[in-house]
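Under our numbering, the first residue of the sequence shown carries the number 5, and numbering increases by one thereafter. Notes follow the structure.
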Amino acid sequence: MTLPDPPQSTHEAASRRDALGLHLGALPRRTLGLALWLLPVLALVNIAVLVWSLGAIDLAERLVAPHMLALAGVLVFVPMLANALRFAITSRFLGLDLGFGGSLRVITGTILANSVTPSAVGGMPIKVLFLVGEGIEIRRAVSLISFQAAEDALSLFGLAALAATLTGFAMRDVLAADPDFALHAAQSLQVGAIILAGALAVFVVVGALIRAGVLSLRVRAALSGLWRRVRLSLTMVARDWGALLRRGKAVALLSMGLALVQWSVRFSIAGLVLAAFGTSWQPALFWLLQYLVQSISSVIPSPGGVGGAEAGFLLLFAPFVERAVLLPAMSMWRLLFFYLPLIGAAVIFFSLRRRLRGGPAPRPHGACQPAE
Numbered sequence: 005m006t007l008p009d010p011p012q013s014t015h016e017a018a019s020r021r022d023a024l025g026l027h028l029g030a031l032p033r034r035t036l037g038l039a040l041w042l043l044p045v046l047a048l049v050n051i052a053v054l055v056w057s058l059g060a061i062d063l064a065e066r067l068v069a070p071h072m073l074a075l076a077g078v079l080v081f082v083p084m085l086a087n088a089l090r091f092a093i094t095s096r097f098l099g100l101d102l103g104f105g106g107s108l109r110v111i112t113g114t115i116l117a118n119s120v121t122p123s124a125v126g127g128m129p130i131k132v133l134f135l136v137g138e139g140i141e142i143r144r145a146v147s148l149i150s151f152q153a154a155e156d157a158l159s160l161f162g163l164a165a166l167a168a169t170l171t172g173f174a175m176r177d178v179l180a181a182d183p184d185f186a187l188h189a190a191q192s193l194q195v196g197a198i199i200l201a202g203a204l205a206v207f208v209v210v211g212a213l214i215r216a217g218v219l220s221l222r223v224r225a226a227l228s229g230l231w232r233r234v235r236l237s238l239t240m241v242a243r244d245w246g247a248l249l250r251r252g253k254a255v256a257l258l259s260m261g262l263a264l265v266q267w268s269v270r271f272s273i274a275g276l277v278l279a280a281f282g283t284s285w286q287p288a289l290f291w292l293l294q295y296l297v298q299s300i301s302s303v304i305p306s307p308g309g310v311g312g313a314e315a316g317f318l319l320l321f322a323p324f325v326e327r328a329v330l331l332p333a334m335s336m337w338r339l340l341f342f343y344l345p346l347i348g349a350a351v352i353f354f355s356l357r358r359r360l361r362g363g364p365a366p367r368p369h370g371a372c373q374p375a376e
């Protein structure tokens with residue numbers, strides 16, 4: 005299958021696009037210096053909360069099953085590695101010579117950059133920029149990420165539905181009886197609906213202004229050029245999807261299996277931590293609760309969802325966990341779930357970047373096509 009190359013007017017225009025791609029690819033790395041300063045401070049605050057919550061009680065006395073913490077400390081790295089392997093498999097199908105090392109650089113760099121940016125921004129734009137920095141043409145980067153987004157949505161929906169079924173919807177009854185939670189949920193939905201309606205209204209107004217000829221010729225030309233680029237990108241993404249559906253079913257199934265492993269392990273960490281503190285382990289219920297905690301923290305406009313994750317944990321786990329265990333378990337969960345993978349991501353990312361500097365520069369992959 006042959007995809008059309010984007011139209012290029014002159015050599016100078018192509019050079020400007022290449023320079024822009026390199027500039028965009030470097031943008032997320034500018035946050036890494038801030039991450040190295042900010043994240044240790046936040047980790048120390050989290051440790052201080054853990055020590056304060058334990059009070060004069062020795063941690064060894066509070067923990068019932070320390071081996072569960074050790075298991076959680078190992079499993080927190082599984083999602084990172086599974087995600088990188090998914091990228092490597094799909095990029096190979098698309099003919100992009102990213103490899104596992106390049107995929108791991110993209111994933112670990114995204115983790116570091118996303119940890120010091122508002123969670124509401126999302127990891128996808130940052131991931132696109134890191135892919136561009138690896139030499140991937142931006143339209144192919146969008147195709148690659150769209151595959152993962154679809155797999156993530158399907159796997160998370162399936163796992164959440166399974167967990168809700170296995171718990172007998174016990175969590176729904178508890179949360180429905182909490183008027184504060186119902187009020188906050190309703191307010192969040194209203195805010196989301198307002199934002200979506202506002203975005204649609206902006207598109208409608210801009211389109212109406214263009215049709216009416218109100219905007220200047222220069223502005224109309226710029227918007228028309230932007231729309232042509234967006235339309236070309238969507239065409240190329242659609243063709244990549246067509247290639248995947250025709251010749252990449254095995255690749256999609258393998259990547260989907262890795263996605264199920266990634267998300268099932270990622271949201272099981274809270275259950276392991278609570279089991280270490282002596283709470284009866286309910287895998288399906290605790291998986292679903294941590295999934296909801298992560299959903300809450302993802303819309304909190306703070307770096308890495310700081311504050312939202314902790315508050316969400318205390319709110320959602322309170323009906324199912326003893327009060328004496330809740331606060332120390334939350335602090336330990338945050339350390340293992342957030343800060344420990346960040347340390348690993350930082351070590352891996354900078355090690356791979358140092359190794360990359362010693363080798364040849366990455367070549368652009370924009371012209372690579374899926375193999376016939």
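Heads up, the beta-carbon is just placed ideally off N, CA and C, and yes, glycines get one too.
Residues near residue i in its chain [Cβ-Cβ closer than 6 Å; skip 5 each side]
{"i": "A274", "result": "F290, Q294, W337"}
{"i": "I142", "result": "V136"}
{"i": "I115", "result": "A349"}
{"i": "D244", "result": "S147"}
{"i": "G157", "result": "First, the amino acid is wrong: residue 157 is Ala here, not Gly. The answer is none, since no qualifying residue turns up."}
Close-in-space but distant-in-sequence residues of the same chain around residue i (CB under 7 Å, 5 per side omitted)
{"i": "I300", "result": "G312, G316"}
{"i": "V277", "result": "L73, A76, A333, M336, W337, L340"}
{"i": "A256", "result": "L248"}
{"i": "L170", "result": "A288"}
{"i": "F353", "result": "R109, T112, G113, L116"}
{"i": "V269", "result": "L79, V82, P83"}
Pick from the options that is closest to residue i, judged by C-alpha positions
{"i": "P332", "options": "F281, A165, V310, G309", "result": "F281"}
{"i": "G139", "options": "A153, S95, Q152", "result": "S95"}
{"i": "A254", "options": "F97, P345, V82", "result": "F97"}
{"i": "I304", "options": "L108, V82, V80, V120", "result": "V120"}
{"i": "R358", "options": "R109, A88, R66, F321", "result": "R109"}
{"i": "L160", "options": "L67, G113, L296", "result": "L296"}
{"i": "H71", "options": "A279, L100, A157, G252", "result": "A279"}
Residue i versus residue j: straight-line alpha-carbon distance, rounded
{"i": "A419", "j": "V146", "result": "No information on residue 419 is available, as it lies outside the stretch 5 to 376 that the chain covers here."}
{"i": "L85", "j": "F104", "result": "9 Å"}
{"i": "W267", "j": "S302", "result": "15 Å"}
{"i": "L330", "j": "F271", "result": "17 Å"}
{"i": "W285", "j": "E314", "result": "20 Å"}
{"i": "A197", "j": "L204", "result": "11 Å"}
{"i": "V265", "j": "V209", "result": "44 Å"}
{"i": "F321", "j": "G106", "result": "38 Å"}
{"i": "A88", "j": "L100", "result": "14 Å"}
{"i": "L258", "j": "R327", "result": "42 Å"}
{"i": "S355", "j": "I130", "result": "20 Å"}
{"i": "Q194", "j": "V206", "result": "18 Å"}
{"i": "G246", "j": "G202", "result": "33 Å"}
{"i": "R251", "j": "A242", "result": "14 Å"}
{"i": "Q298", "j": "I347", "result": "20 Å"}
{"i": "L172", "j": "L319", "result": "Sequence check: residue 172 is Gly here, not Leu. Cα-Cα distance, rounded: 20 Å."}
{"i": "A2", "j": "G162", "result": "Since the displayed the chain opens at 5 and closes at 376, residue 2 lies outside it and no answer follows."}
Nearest-angstrom beta carbon gap, residue j and residue i [assumed within contact, 8 Å]
{"i": "A167", "j": "A288", "result": "4 Å"}
{"i": "M260", "j": "E155", "result": "5 Å"}
{"i": "G152", "j": "R90", "result": "Note on residue identity: the sequence assigns Gln, not Gly, to residue 152. So it is a contact: roughly 6 Å between Cβ atoms."}
{"i": "V82", "j": "L344", "result": "V82 to L344, Cβ: 12 Å. No contact."}
{"i": "L292", "j": "A164", "result": "6 Å"}
{"i": "T283", "j": "V325", "result": "6 Å"}
Sequence-distant residues of its chain with Cβ nearer than 8 Å to residue i (five each side left out)
{"i": "A132", "result": "Per the sequence shown, the amino acid found at residue 132 is Val instead of Ala. Around V132: I142, A145, V146, I149."}
Residue i: CB within 7 Å of a non-hydrogen atom of the ligand NAD
{"i": "L160", "result": "In the structure shown, the ligand NAD is absent, as is every other ligand, since no ligand is present at all."}
What are the start and end residues of each continuous alpha helix (DSSP H) run of 4 or more residues lying completely inside the region 307-334, in chain order?
312-321
What are the start and end residues of each continuous alpha helix (DSSP H) run of 4 or more residues lying completely inside the region 335-364, in chain order?
344-361
Can you list the alpha helix (DSSP H) stretches of 4 or more residues lying completely in the region 123-178, in chain order?
127-137, 142-170
Contained beta strand (DSSP E) runs [length at least 3] in the region 241-281, N- to C-terminal order:
none
Restricting to runs no shorter than 4 residues, where is the alpha helix (DSSP H) found entirely within the region 60-99?
63-66, 70-79, 82-97
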